[in-house]
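The opening residue of the sequence shown carries number 0 in numbering that gives the first Met the number 0; numbering runs sequentially from there. Notes for the one structure printed next.
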Amino acid sequence: MSEPGLLTLWAETLLDALAEAGVTDVIASPGSRSTPFLLAAVGHPRLRCHHVIDERAAAFFALGHARVTARPALLLCTSGTAGAHYLPAVIEAAHAHLPLLVLTADRPPELHGCGASQTIDQTRLYGEHARRFVDLGLPDGSLGAFRALRRTAAQAVFAALHPLPGAVHLNARAKKPLEPIAPSAELAALAHAACQAPVPRPAPPPPRPDAAALADVAAACRRARRGLIVCGPAALAQTHAREAVATLARATGFPILAETTSQLRTDSLPGACPAFDHLFADEGFAATHAPDLVLQLGAAPISSAWERALARHVDAELVIIAPHGWPDPGSRSRHVLVAGVAETAHALAAALAGHQPEPGAWAASFARADRAAWRAVDRVLAENPLLTEGAVTRATLASVPEGGLFAIGNSLPVRHVDRFARTAPAHVLSQRGAAGIDGLVAGAAGAASAANAPVTLLLGDISLLHDLGGLALAQRLRIVVLHNDGGRIFEELPLAQTGHDLTPFTTPHGADLGHAARLFGLRHARASTRAELTAALAEPQHGLLIEAIVPPHGAAEELARVRAAVATELAADLRAAS
Numbered sequence: 000m001s002e003p004g005l006l007t008l009w010a011e012t013l014l015d016a017l018a019e020a021g022v023t024d025v026i027a028s029p030g031s032r033s034t035p036f037l038l039a040a041v042g043h044p045r046l047r048c049h050h051v052i053d054e055r056a057a058a059f060f061a062l063g064h065a066r067v068t069a070r071p072a073l074l075l076c077t078s079g080t081a082g083a084h085y086l087p088a089v090i091e092a093a094h095a096h097l098p099l100l101v102l103t104a105d106r107p108p109e110l111h112g113c114g115a116s117q118t119i120d121q122t123r124l125y126g127e128h129a130r131r132f133v134d135l136g137l138p139d140g141s142l143g144a145f146r147a148l149r150r151t152a153a154q155a156v157f158a159a160l161h162p163l164p165g166a167v168h169l170n171a172r173a174k175k176p177l178e179p180i181a182p183s184a185e186l187a188a189l190a191h192a193a194c195q196a197p198v199p200r201p202a203p204p205p206p207r208p209d210a211a212a213l214a215d216v217a218a219a220c221r222r223a224r225r226g227l228i229v230c231g232p233a234a235l236a237q238t239h240a241r242e243a244v245a246t247l248a249r250a251t252g253f254p255i256l257a258e259t260t261s262q263l264r265t266d267s268l269p270g271a272c273p274a275f276d277h278l279f280a281d282e283g284f285a286a287t288h289a290p291d292l293v294l295q296l297g298a299a300p301i302s303s304a305w306e307r308a309l310a311r312h313v314d315a316e317l318v319i320i321a322p323h324g325w326p327d328p329g330s331r332s333r334h335v336l337v338a339g340v341a342e343t344a345h346a347l348a349a350a351l352a353g354h355q356p357e358p359g360a361w362a363a364s365f366a367r368a369d370r371a372a373w374r375a376v377d378r379v380l381a382e383n384p385l386l387t388e389g390a391v392t393r394a395t396l397a398s399v400p401e402g403g404l405f406a407i408g409n410s411l412p413v414r415h416v417d418r419f420a421r422t423a424p425a426h427v428l429s430q431r432g433a434a435g436i437d438g439l440v441a442g443a444a445g446a447a448s449a450a451n452a453p454v455t456l457l458l459g460d461i462s463l464l465h466d467l468g469g470l471a472l473a474q475r476l477r478i479v480v481l482h483n484d485g486g487r488i489f490e491e492l493p494l495a496q497t498g499h500d501l502t503p504f505t506t507p508h509g510a511d512l513g514h515a516a517r518l519f520g521l522r523h524a525r526a527s528t529r530a531e532l533t534a535a536l537a538e539p540q541h542g543l544l545i546e547a548i549v550p551p552h553g554a555a556e557e558l559a560r561v562r563a564a565v566a567t568e569l570a571a572d573l574r575a576a577s
């Protein structure tokens, strides 16, 4: 029998240590076994609590918070299957390298293996998807145990951030009574003594590139005559790399192929070629623009056209520069520099000091082709007066206010922004770790909770239906839904050419999303014309769901028209240049 009040002090000590180690936000879902920990969080002056009914939504809310702050929030739930609902977000955290803390309350050992209610084995619940697992055991009233608890909290926060950000799982066992009980003066004094020393703050290693590898890459840049800088999905922090990447582009003379999710898709970068997905989808262009060196910054690009082109040009040397992981799905890189992109770009540019890139036809051909491609895209969009997916994408992007955040859903929307927009908002949120459609609304809501800026989310109707519970958190969001009545990306995949019925894949639903908006107290606008969409986007942004009705099969048809128009423009441009 533990001393009365020990569980209360244990929970308060743990939450205080987490706060001292840098945690500011707790996202909690209702439950009984987590009572002492939730009360400790609610009563802590430095912790902000968010109460979310559904654990899956809560977990993606926490990831959205981490995408903005680059710090872990604390997830808190009761025992049993509650913690299992965190698994999709834990997986996303592992693949997207996002910090996350999970605190699952648990039953004491004597209630395991005997059919006790709401009791499962929570040991290593997330397997290798969690960076670390710690079972805190039952509360212990010794001075050493209290000190170890505080040290464990500091270690958990550090492990969520370094060396590879991800989820850390703390499992806390609790015996009844769970309600707060005043401890004895002796026990309170002991806990107070343990809390006198600050929790340790370990310093992470600096994200510097290896000197020898850097020298090899600099030599490769000097040799290259057809180099490219390719930028795939990256965290918001990569916005700070723009100046360094611009310096590197000037030092090498390489064109920059940057996706919207890279934080580097901007006209301010020299040699920017944002139409590269259209260009490499053209067989003639892809055949005549074989790179000899590719510098990949961050994750591999989403573009399947680029993926095919890189696979086709087997002689191209691939160098990957990324702060985490090994983003080389083609297994062909010569160098993987695990270091900060900004730091490495600066160092590489410095190593190339004195190198004068040849002002040849390579970079000029990309610039000319990029202009031709956008002429084609503009023409296709202008010729169709209907509300199409391209038109919705462009209008939504144009409506994001300066300083606002743009969150983009997976499947078609993340591809639409690259295909239809030359530039992107300054700050882009994407969920490209495991690239699922889980929790996109809740994740954007979590980002809005941490950002002092408006957040616009563009996603598909299936993604919205997959995260209806997230609408309960969406009061700070403007959500634009591409309503094409199903998962229309399957109409762009090879399966669509086989003659098979795609209904089991596209899953048309006929849902009126206005009912969902009203259920959760959101304003709703339904737009089926360009004028209606313009009017809806002009409304106050908070708590707004815009249902943009587009033709069910329009995405594949519009893309086919764009690709054909790009091919025509490229051919005309080639004739004019020859």
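Positions of the beta carbon are idealized from the N, C-alpha and C atoms, including for glycine.
Alpha carbon of residue i to alpha carbon of residue j, nearest angstrom
i, j, result
"His523", "Ile436", "22 Å"
"Glu556", "Val480", "19 Å"
"Ala289", "Trp325", "24 Å"
"Gly509", "Ala495", "21 Å"
"Lys174", "His111", "12 Å"
"Arg66", "His161", "16 Å"
"Ser332", "Gly283", "25 Å"
"Leu476", "Ala366", "37 Å"
"Ala554", "Thr151", "51 Å"
"Gly126", "His312", "38 Å"
"Leu380", "Arg562", "12 Å"
"Gly143", "Leu177", "23 Å"
"Ser303", "His277", "10 Å"
"Val376", "His49", "43 Å"
"Ala534", "Ala95", "36 Å"
"Gln430", "Pro182", "45 Å"
"Ile301", "Leu263", "14 Å"
Which listed residue (the options) has its alpha carbon closest to that of residue i
i, options, result
"His239", "Thr251, Ala219, Glu388 and Thr343", "Thr343"
"Gly114", "Leu268, Gly79 and Ala202", "Gly79"
"Ala423", "Ala394, Asn409, Gly469 and Gly353", "Ala394"
"Val198", "Leu235, Gln154, Glu178 and Leu160", "Gln154"
"Val454", "Gly403, Ala223, Ser429 and Asp281", "Gly403"
"Ala576", "Leu292, Ser364 and Ala39", "Ser364"
"Thr246", "Gly445, Ala212 and Pro356", "Pro356"
"Ala566", "Leu227, Leu501, Ala372 and Gly513", "Ala372"
"Gly520", "Glu531, Gly542 and Gly4", "Gly542"
Backbone secondary structure at residue i - three-state DSSP
i, result
"Val229", "strand"
"Asp15", "helix"
"Ala115", "coil"
"Thr455", "strand"
"Cys48", "strand"
"Glu546", "strand"
"Ala366", "helix"
"Ser462", "helix"
"Phe253", "coil"
"Ala524", "strand"
"Gln154", "helix"
"Leu73", "strand"
"Ile436", "coil"
Anticipated Cβ contact below 8 Å, residue i with residue j, distance rounded
i, j, result
"Pro71", "Val133", "With 8 Å as the limit, Pro71 and Val133 do not qualify as a contact, their Cβ atoms being about 14 Å apart."
"Val549", "Glu388", "5 Å"
"Cys220", "Leu256", "Wrong, their Cβ atoms sit about 16 Å apart, outside the cutoff."
"Ile407", "Val399", "At roughly 11 Å, the Cβ-Cβ gap does not stay under 8 Å, so Ile407 and Val399 are not in contact."
"Pro322", "Val340", "7 Å"
"Ala188", "Leu99", "With 8 Å as the limit, Ala188 and Leu99 do not qualify as a contact, their Cβ atoms being about 35 Å apart."
"Pro208", "Leu336", "5 Å"
"Leu102", "Leu73", "6 Å"
"Ser261", "Gln237", "7 Å"
Beta-carbon proximity of residue i to residue j, cut-off 8 Å
i, j, result
"Leu62", "Ala104", "no"
"Arg249", "Pro269", "yes"
"Ala18", "Leu75", "no"
"Leu467", "Ala515", "yes"
"Leu148", "Leu13", "yes"
"Leu347", "Val244", "no"
"Glu568", "Arg418", "no"
"Asp572", "Ala368", "yes"
"His64", "Ser448", "yes"
"Pro204", "Gly297", "no"
"Gly469", "Gly432", "no"
"Ala434", "Asn451", "no"
The ligand ZN heavy atom lying under 7 Å from the CB of residue i
i, result
"Gln154", "Inclusion of the ligand ZN in the displayed structure is not the case, the ligand content being empty and no account of it being possible."
Proximity test, Cβ basis, 8 Å: residue i and chain B
i, result
"Ala159", "In the structure shown, chain B cannot be found, because there is only a single protein chain."
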